[in-house]
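Start counting at 1 in the sequence shown, then tack on 1103, and there's your number in the numbering used here.
Ideal Cβ positions, reconstructed from N, Cα and C, are used throughout, including at glycine.
These figures come from a predicted structure and were not determined experimentally.
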Amino acid sequence: MQLIEHLYDLDMKAFAEDLGERRRRMVERDIASRGVADERVLKAMRIVPRERFLPAEMAEFAYEDTPLPIEEGQTISQPMIVAVMAEAAGLDERSQVLEIGAGSGYGAAVLSRIAAEVWTIERHALLADQAARRLADLGYDNAHVIHGDGTLGLPEQAPFDAIVVTAGGPSVPEALIEQLVEGGRLVIPVGPETRGQRLLRVRRVGDDTVEEDLGPVRFVPLVGSQGWQPSGERTLVVPRPRSMPSGPATLVREEAQPMSSIEDAELGGLLDRIGDHPVVMLGEASHGTSEFYRLRARITRELILHKGFTAVAVEADHPDAARIDAWVRHRPASGPDFEPFSRFPTWMWRNREVRDFVDWLHLHNADVGAERRVSFHGLDIYSLYTSRAAVIDYLDGVDPEAAALARHRYGCLSPWQHDPATYGRAVVTGSFIGCEDEVVGVLTDLLRRRLELGPGPGRGSGEEYFDATQNALVVANAERYYRIMYHGSRASWNLRDQHMFETLKAIRLRRGPAAGVPAKVVVWEHNSHVGDASATEMGARGEHNVGMLARREYGEGAFLVGFGTHDGVVAAASDWGGPMERKPIRPSHPDSYERLCHDTGIPAFFLHLRHAHREELRDELSRPRLERAIGVIYRPETELQSHYFQASLPRQFDEYIWFDRSSPIHPLAAHEVAGVPDTYPFGL
Ligand code: SAH
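Have a look at this one:
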C-alpha cells in the first residue's frame, strides 16, 4: 500500500515539469531516435502542444508516446505514429493535404505546421466541432475541419499532394486515389477490422498505383461508405503501431493454461512447477479484488494438504494476525485487549474471503496434532503501539521487573501514540532526541534472556516468547521507520521490506519440522512486495522488496507468483484513511502487460514464466511494459501516474495468474461474525 503513495509522490514531481520541456524530450527520445528523420516533421512535433487536444484530465499524459482515449470512444494517435505518417506523406510548405479522421485535431495540427493547407474530415460531429475550435484557438488557420464521411474524400478541394487516413479500412478507397495529384501519396492503414492492419503508402503514377507496406499497425475502424459498416464499429480499440500487435497476445494465448473457475481450477500444473520449493509467494495486483484472495486461498490449501506447508505469512500487522493464529491453532488468544484489524484499511483482512480461509484452517488444524497445525502470521511493520503493548503484557506475565523497565523505556514513545509520523518529525528536526536506545534495549534484553524466558522445561513451547520477540522487533524497526521516513521514501520502503523478510525468516525457523530445518511458508502480499523489485522501476530507484530478498537468499527455492486484472471493480479508498468504496477499474493501458493478457480473450488463466515452454514467450514478455498496481487507494483520475510502472514480467515473477475482471472483496459487517466465540479474530 505504501508503494502507491510513493509512486504518487514521484508523479507530483513529474507533473510539475514544464510541458514544453517534456514535449521536446519526447520528440528526441521517442521519435527522432527511433527513425523519424524529416526535420520538418520533427520541428512540427516540437511546436504543437498535444495537451491542448486532450480532455483536461488527460493533459498530464500528453507526452507519453502513447495513444489515449478521447470522446466518442475514439483515440488520439500515438505521437510516433503521427510523425511516421507525416514523414511518409512527404510534405513540404507547398503541399495541399487531406486528412481523414480528425479525431482530436492533433494530427491535423501537426500536418498544418508543415504543409500549406490541410483539410481534415471527421464523422463525429462533436469531435469535428471540438477539433475546429482547438485549431482556431491555436491560430492554425490553414487547417480546416469538415464534418462528414471521409471515405469519399473531398472532391471540391481535390487534387491533393497527400492524403493521410488515421482510421483503418478494409481496403484502399478508390475515391481517394482519384483525388491525388500525379505522384501524390496516400498513407492509410488497411486490413481485417482491427487485427492485422498494415500501414500502406500508395503512390499515384499515371493511372496506376505503386504500393509500399510500412509495417503492422492498429487503428480504430474507418467507418463509411468505402470503409466498415457502422455496426462493425468497436469502440475500445486503440492504435498500436510499430510492434506486431497480435503477436505477443497470440503467444500468451497459446501458452496460457485457462482456468474454468476458482473452485474447479486444475492446479496440478502449478503444483508441479512449485515442486519442492519451500517458499511460495502469492501476490495480488490490488488489495481489494475478491478473485485474488479466493485463488490464493485455494492454492494455499493445496500446498498445505499436499506439499507440507505449515505456515501462512501475510501483509498484516503482527498482533492482529496473532489473533487469527490463536483461533486457527486452537490456542487461547493472549496479549492485551484490542480490536484486531481496526486500523485503516480494515477491509484488507477483515473480509469474507479471508474469513472463509481462516475457518478452513481452523477446521483443518482440528484434525491434526498440535505440532503439525498450520500457523498464521503478520509480516508488517505498522503496529508500533499494539506490539509495544503485547511485549509489556508478555513481560508482566513472566518477569514483572523486566516489565517495569520495558514500560519505562517504551514510555518514551507515548506522546506520539496517536500519530507516530509526528514522532519522526520531532526527531528529525532535532526537537526530540528519540527513543532508539530504549526500543533496541527492550529487544536486546529479550533476546539475551532467551534461556530464562524462551522455550524450555516448565516454560512451554516458547510460543509466547517468540511472539514477544517478534513484537519487540516490530517496535524497534517501526521506531526507525518513522524516523527515516523523513529521509525519503526509498529508505523507509527498504526498511519495511527488510523487516518483513527478516520476520519471514524467523517464522521459517520457528515453525520448521525440526531444529534447524526451516518450515515451508506461503506468503500473501501485494505484487509490489513479492515480485522481484530488480525487474521493475523500483530496482532502478535502489529499492528492494521481499521477493527480491527471498530470491537472493533462496535462489530457485522462492517461487514468486504475480496476479493481474484488466477491469471490473475493486474495493479501495480514494484517500488515505478514507472509507472503502467499490470503484470501477479503468480498462488497462494499451502498452501494459494487462492489455496483452486481455487481448488473449481468455477470462482467467495461469501463465508459467520461469521455465516457459517457448523461449519466444519469455523473450517477447521480457521487453519492459507497463504494469498496474492498485493498493488500498485507487485514483483512476491519475491512473497512469499513480498506478503504473515499468516492469519486465518474466524476471519479476515465476508465474502470472490472470483474471480479466476484478470483483470487489466483501468487507465483514458486524452481523456476519455475530455469535462466534470471543476468541474469534473478526469479533466486534
Ligand atoms: N488524427 C486523430 C486520430 C483520431 S482516431 C488524432 O490525432 O486525434 C480516427 C478518427 O477517425 C476517429 O475520430 C473516427 O471518428 C474518425 N473516422 C472514422 N471513420 C471515418 C470516416 N469515414 N470519415 C471521417 N472520420 C472517420
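Problem - Span of the alpha helix (DSSP H), counted from its first residue to its last, around Trp-1463 - result: 1455 to 1469
Exercise for the section: Could you tell me whether the stretch 1734 to 1744 touches the stretch 1703 to 1714, using the rule of 3 or more Cβ pairs below 8 Å? Expected result: no
Handout entry: Near the ligand SAH: Ile-1224 beta-carbon under 7 Å from a heavy atom
Key = yes
Handout entry: For Gln-1755, the three-state DSSP class (helix, strand or coil)
Key = helix
Practice task
Would you check whether the ligand SAH has a heavy atom nearer than 7 Å to the C-beta of Asp-1252?
Solution key: yes
Problem - With 16 other Cβ atoms within 10 Å as the buried cut-off, status of Val-1340 - result: In this prediction, Val-1340 has a pLDDT of 32, which is less than 50 and means its spatial position is unreliable; what the coordinates show is noted afterwards. It is buried - the Cβ of Val-1340 has at least 16 other Cβ atoms within 10 Å.
Exercise for the section: Return yes when the Cβ of Ala-1219 is within less than 8 Å of the Cβ of Glu-1196, no when it is not. Expected result: yes
Exercise for the section: Round the Cβ separation of Ala-1231 and Phe-1156 to the nearest angstrom and send it over; I've been treating them as touching at under 8 Å. Expected result: Not confirmed; about 13 Å, so no contact.
Exercise for the section: Report yes if the C-beta distance between Arg-1731 and Ser-1691 is below 8 Å; otherwise report no. Expected result: yes
Handout entry: Cross-strand partners of Asp-1316 (DSSP beta bridge)
Key = Leu-1303
Practice task
Give the secondary structure of Met-1384 by DSSP, where H, G and I count as helix, E and B as strand, and everything else as coil.
Solution key: strand
Exercise for the section: For the stretch 1503 to 1533, list the alpha helix (DSSP H) runs that are entirely contained and at least 4 residues long, ordered along the chain. Expected result: 1503 to 1513 and 1523 to 1531
Handout entry: Near the ligand SAH: Glu-1175 beta-carbon under 7 Å from a heavy atom
Key = yes
Problem - Extent of the continuous alpha helix (DSSP H) to which Ser-1725 belongs - result: 1718 to 1725
Exercise for the section: Answer yes or no: do Val-1477 and Thr-1572 have a C-beta to C-beta separation smaller than 8 Å? Expected result: no
Practice task
Please go through the stretch 1399 to 1437 and give each complete alpha helix (DSSP H) segment of 4 or more residues, from N-terminal end onward.
Solution key: 1421 to 1431
Handout entry: Limits of the beta strand (DSSP E) - the one that Val-1268 falls within
Key = 1263 to 1268
Practice task
Answer with buried or exposed for Trp-1761, where buried requires no fewer than 16 other C-beta atoms within 10 angstroms of its C-beta.
Solution key: buried
Practice task
Output the distance between the C-alpha atoms of Pro-1767 and Ser-1136, rounded to the nearest integer angstrom.
Solution key: 43 Å
Problem - Pro-1170 versus Pro-1182: straight-line alpha-carbon distance, rounded - result: 8 Å
Exercise for the section: Label Tyr-1783 either buried or exposed according to how many other C-beta atoms from any shown protein chain fall within 10 Å of its C-beta, with 16 as the threshold for buried. Expected result: buried
Practice task
Express the C-alpha separation of Val-1543 and Ser-1346 in angstroms, rounding to a whole number.
Solution key: Low confidence applies to Ser-1346: its pLDDT is 36, below 50, so where it sits in the model is not reliable enough to give any reading.
Practice task
Spell out the partners DSSP gives Phe-1666 in its beta bridges.
Solution key: Ile-1760
Exercise for the section: Find out if the Cβ-Cβ distance for the pair Asp-1316, Arg-1301 is shorter than 8 Å. Expected result: yes
Practice task
Report whether the distance from the Cβ of Val-1290 to the nearest heavy atom of the ligand SAH is below 7 Å.
Solution key: no
Handout entry: 8 Å Cβ cutoff met for Ala-1661 and His-1380
Key = yes
Practice task
Can you tell me the Cβ-Cβ gap for Glu-1358 and His-1769, rounded? I've got them flagged as a contact below 8 Å.
Solution key: That pair is no contact at about 33 Å.
Handout entry: Straight-line gap, Ser-1207 to Thr-1353 (C-alpha atoms, nearest Å)
Key = 31 Å
Exercise for the section: Could you tell me which of Pro-1448, Asp-1470, Met-1588 and Val-1383 sits nearest to Arg-1611, measuring between CA atoms? Expected result: Val-1383
Exercise for the section: Return the CA-CA distance between Leu-1771 and Gly-1680, expressed in angstroms with no decimal places. Expected result: 18 Å
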